[in-house]
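Only one structure is covered here, and it is reproduced in the block below.
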Amino acid sequence: MDNVYAPGKNHLFVPGPVNIPDPVIRAMSRNNEDYRSPAVPALTKILLEDVKKIFKTTTGTPFMIPTTGTGAWESALTNTLSPGDRTVSFLIGQFSLLWIDQQQRLKFNVDVVESEWGQGANLDILASKLAEDTAHTIKAVCIVHNETATGVTNNLAAVRKILDHYGHPALFLVDGVSSICALDFRMDEWGIDVALTGSQKALSLPTGMGIVCASPKALEASKTAKSVRVFFDWNDYLRFYKMGTYWPYTPSIQLLYGLRAALDLIFEEGLDNVIARHNRLGTATRLAVEAWGLKNCTQKEEWFSDTVTAVVVPPYLDSVEIVRRAWQRYNLSLGLGLNKVAGKVFRIGHLGNLNELQLLGCLAGVEMILKDVGYPVKLGSGVAAACAYLQNNIPMIPSRI
Ligand code: PLP
Numbered sequence: 001m002d003n004v005y006a007p008g009k010n011h012l013f014v015p016g017p018v019n020i021p022d023p024v025i026r027a028m029s030r031n032n033e034d035y036r037s038p039a040v041p042a043l044t045k046i047l048l049e050d051v052k053k054i055f056k057t058t059t060g061t062p063f064m065i066p067t068t069g070t071g072a073w074e075s076a077l078t079n080t081l082s083p084g085d086r087t088v089s090f091l092i093g094q095f096s097l098l099w100i101d102q103q104q105r106l107k108f109n110v111d112v113v114e115s116e117w118g119q120g121a122n123l124d125i126l127a128s129k130l131a132e133d134t135a136h137t138i139k140a141v142c143i144v145h146n147e148t149a150t151g152v153t154n155n156l157a158a159v160r161k162i163l164d165h166y167g168h169p170a171l172f173l174v175d176g177v178s179s180i181c182a183l184d185f186r187m188d189e190w191g192i193d194v195a196l197t198g199s200q201k202a203l204s205l206p207t208g209m210g211i212v213c214a215s216p217k218a219l220e221a222s223k224t225a226k227s228v229r230v231f232f233d234w235n236d237y238l239r240f241y242k243m244g245t246y247w248p249y250t251p252s253i254q255l256l257y258g259l260r261a262a263l264d265l266i267f268e269e270g271l272d273n274v275i276a277r278h279n280r281l282g283t284a285t286r287l288a289v290e291a292w293g294l295k296n297c298t299q300k301e302e303w304f305s306d307t308v309t310a311v312v313v314p315p316y317l318d319s320v321e322i323v324r325r326a327w328q329r330y331n332l333s334l335g336l337g338l339n340k341v342a343g344k345v346f347r348i349g350h351l352g353n354l355n356e357l358q359l360l361g362c363l364a365g366v367e368m369i370l371k372d373v374g375y376p377v378k379l380g381s382g383v384a385a386a387c388a389y390l391q392n393n394i395p396m397i398p399s400r401i
């Protein structure tokens, strides 16, 4: 029985963990299996090939690790860097802050490039740092592709261009936790050395699997990287890959079958269509926010995120109250503002296996809550703006034409 029952479905609009589609839930509803039997390695082998598609890589080596996004960060860092190594890392919100904190606790020499929350990574500063660094002391550039706390998407192609412009050999490490499988992401084309994601985000799985993908250059770096690592050591995986048994330690059988089902759904829809759907969801949400007369935390269009929108509330309102009311009265889960923007923003997550009409339910709920807390919103205004756009832009469902 539910701990806190409410009729109907919970409208889960936090930016992860997200809704799990029914076919994935069914695929995971199964017993444990012996992961040393021939069946699990056979399943794993195909999964390792298929996850490369969501990173858009043919040359990368993926690791499916029983962990979360935070563990995936640690895997990326400890396998490629040594204590004392200089990294350049962008601080633009809570998740980039936490990654920087991890880098510092792992004893890297972190060159923090800070921007106001709501802005993207300052790439001019990156360019000047790379230009000055003729001795190549910078060993890695670390960037969160999509800052989930503020709804800011960074331009990874531009980062690559700057690295190439200065012929700088630094590794390019990318957190794709709230972008991969939802936003345009091209590991090979953008020369990303380590990319990572977590299962509970756009893959729409339960939490518990971190997927890390390493370029040949990153694998080479792992041979000399001196950071202490045990659980996250890529070498252990690589040994088992060679043996064809794949798992150095026990995988979650249920998550493997869930991942199979999740990838099947993504491939059936088509990754490009998935990305286009997220763009529609993001655009519709932004139109609604505008119609409500509220501000997007993201300051410029070039950084707008198609997976999460952080909505700034007027100073006389507390966004914590909005989030609490959403859950208590409307069975709607919105994301809280974190750290610097706590109380000032609430977040609408629009990622994963989600369609436009589900989003409209959320937008309708937000309107009622805004009215509840005394904001002068015209009921239906945001929903109407979103509908006007969606009605013109939702394509036919390919499998139903
Ligand atoms: N990176 C980003 C961009 C995130 O949004 C999150 C979590 O929301 C994380 C990393 C950390 O992931 P986890 O909570 O799975 O450890």
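The sequence shown: position 79 = 79 (UniProt numbering), numbered continuously.
Backbone N, C-alpha and C fix where the C-beta goes; we use that ideal spot for every residue, glycine too.
Quick caveat: nothing in here was measured; it's all calculated off a predicted structure.
Whole-angstrom C-beta distance between residue j and residue i, which should lie under 8 Å
{"i": "residue 204", "j": "residue 8", "result": "Wrong, their Cβ atoms sit about 20 Å apart, outside the cutoff."}
{"i": "residue 307", "j": "residue 183", "result": "6 Å"}
{"i": "residue 160", "j": "residue 190", "result": "5 Å"}
{"i": "residue 93", "j": "residue 149", "result": "4 Å"}
{"i": "residue 40", "j": "residue 49", "result": "That belief does not hold up - the Cβ atoms of residue 40 and residue 49 are roughly 15 Å apart, past 8 Å."}
{"i": "residue 247", "j": "residue 240", "result": "6 Å"}
{"i": "residue 113", "j": "residue 262", "result": "About 34 Å separates the two Cβ atoms, so there is no contact after all."}
{"i": "residue 171", "j": "residue 80", "result": "6 Å"}
Selected residue, minimal CA-CA separation from residue i, among the options
{"i": "residue 293", "options": "370, 46, 302 and 226", "result": "370"}
{"i": "residue 226", "options": "88, 301, 141 and 75", "result": "75"}
{"i": "residue 187", "options": "30, 5, 81 and 157", "result": "157"}
{"i": "residue 392", "options": "341, 326 and 283", "result": "283"}
{"i": "residue 91", "options": "190, 270 and 122", "result": "122"}
{"i": "residue 64", "options": "300, 196 and 262", "result": "196"}
{"i": "residue 38", "options": "245, 240, 100 and 4", "result": "245"}
{"i": "residue 169", "options": "88, 213, 240 and 206", "result": "88"}
{"i": "residue 434", "options": "201, 96 and 397", "result": "Here the chain comprises residues numbered 1 to 401, so residue 434 is not present and cannot be evaluated."}
{"i": "residue 290", "options": "399, 363 and 194", "result": "363"}
{"i": "residue 266", "options": "146, 138, 343 and 181", "result": "181"}
{"i": "residue 376", "options": "314, 394 and 326", "result": "314"}
Rounded straight-line distance, which links the Cα of residue j to that of residue i
{"i": "residue 14", "j": "residue 323", "result": "10 Å"}
{"i": "residue 358", "j": "residue 383", "result": "12 Å"}
{"i": "residue 249", "j": "residue 62", "result": "16 Å"}
{"i": "residue 126", "j": "residue 19", "result": "37 Å"}
{"i": "residue 345", "j": "residue 297", "result": "7 Å"}
{"i": "residue 154", "j": "residue 224", "result": "30 Å"}
{"i": "residue 31", "j": "residue 254", "result": "8 Å"}
{"i": "residue 312", "j": "residue 295", "result": "5 Å"}
{"i": "residue 22", "j": "residue 28", "result": "10 Å"}
{"i": "residue 198", "j": "residue 380", "result": "35 Å"}
{"i": "residue 402", "j": "residue 67", "result": "What the structure shows of the chain is the stretch from 1 to 401, and residue 402 is not part of that stretch, so it cannot be assessed."}
{"i": "residue 72", "j": "residue 103", "result": "13 Å"}
{"i": "residue 281", "j": "residue 84", "result": "42 Å"}
{"i": "residue 141", "j": "residue 386", "result": "38 Å"}
{"i": "residue 366", "j": "residue 5", "result": "21 Å"}
{"i": "residue 302", "j": "residue 278", "result": "16 Å"}
{"i": "residue 214", "j": "residue 378", "result": "49 Å"}
{"i": "residue 350", "j": "residue 177", "result": "14 Å"}
{"i": "residue 55", "j": "residue 274", "result": "14 Å"}
{"i": "residue 144", "j": "residue 305", "result": "12 Å"}
{"i": "residue 36", "j": "residue 231", "result": "19 Å"}
{"i": "residue 206", "j": "residue 309", "result": "22 Å"}
{"i": "residue 330", "j": "residue 360", "result": "14 Å"}
{"i": "residue 229", "j": "residue 237", "result": "13 Å"}
{"i": "residue 185", "j": "residue 152", "result": "15 Å"}
{"i": "residue 135", "j": "residue 86", "result": "12 Å"}
{"i": "residue 201", "j": "residue 16", "result": "5 Å"}
Residue i - containing alpha helix (DSSP H), residue span
{"i": "residue 34", "result": "That residue, residue 34, is in no alpha helix (DSSP H); it is neither H nor E in DSSP."}
{"i": "residue 18", "result": "No alpha helix (DSSP H) holds residue 18; DSSP gives it neither H nor E."}
{"i": "residue 365", "result": "356–372"}
{"i": "residue 216", "result": "216–222"}
{"i": "residue 125", "result": "123–132"}
{"i": "residue 165", "result": "156–165"}
{"i": "residue 326", "result": "319–330"}
{"i": "residue 96", "result": "94–105"}
{"i": "residue 243", "result": "234–243"}
Extent of the continuous beta strand (DSSP E) to which residue i belongs
{"i": "residue 79", "result": "Where residue 79 is concerned, there is no enclosing beta strand (DSSP E), although the alpha helix (DSSP H) it sits in stretches over 69–80."}
{"i": "residue 201", "result": "Counting along the chain, residue 201 falls outside any beta strand (DSSP E), and DSSP gives it neither H nor E."}
{"i": "residue 440", "result": "Since the displayed the chain opens at 1 and closes at 401, residue 440 lies outside it and no answer follows."}
{"i": "residue 175", "result": "171–175"}
{"i": "residue 44", "result": "Not the beta strand (DSSP E): residue 44 falls in the alpha helix (DSSP H), residues 39–55."}
{"i": "residue 265", "result": "No beta strand (DSSP E) contains residue 265, which is instead part of the alpha helix (DSSP H) from 253–269."}
{"i": "residue 397", "result": "Here residue 397 belongs to no beta strand (DSSP E), and DSSP marks it neither H nor E."}
{"i": "residue 62", "result": "61–66"}
{"i": "residue 464", "result": "Because the chain in this structure spans residues 1 to 401, residue 464 falls outside the shown range and cannot be described."}
{"i": "residue 347", "result": "345–349"}
{"i": "residue 13", "result": "11–13"}
{"i": "residue 311", "result": "308–312"}
Residue i: CB within 7 Å of a non-hydrogen atom of the ligand ZN
{"i": "residue 331", "result": "Questions concerning the ligand ZN fall outside what the structure shown contains, since the ligands it does hold are the ligand PLP."}
8 Å Cβ cutoff, residue i in contact with chain C
{"i": "residue 25", "result": "Among the chains in the structure shown there is no chain C, since it carries only a single protein chain."}
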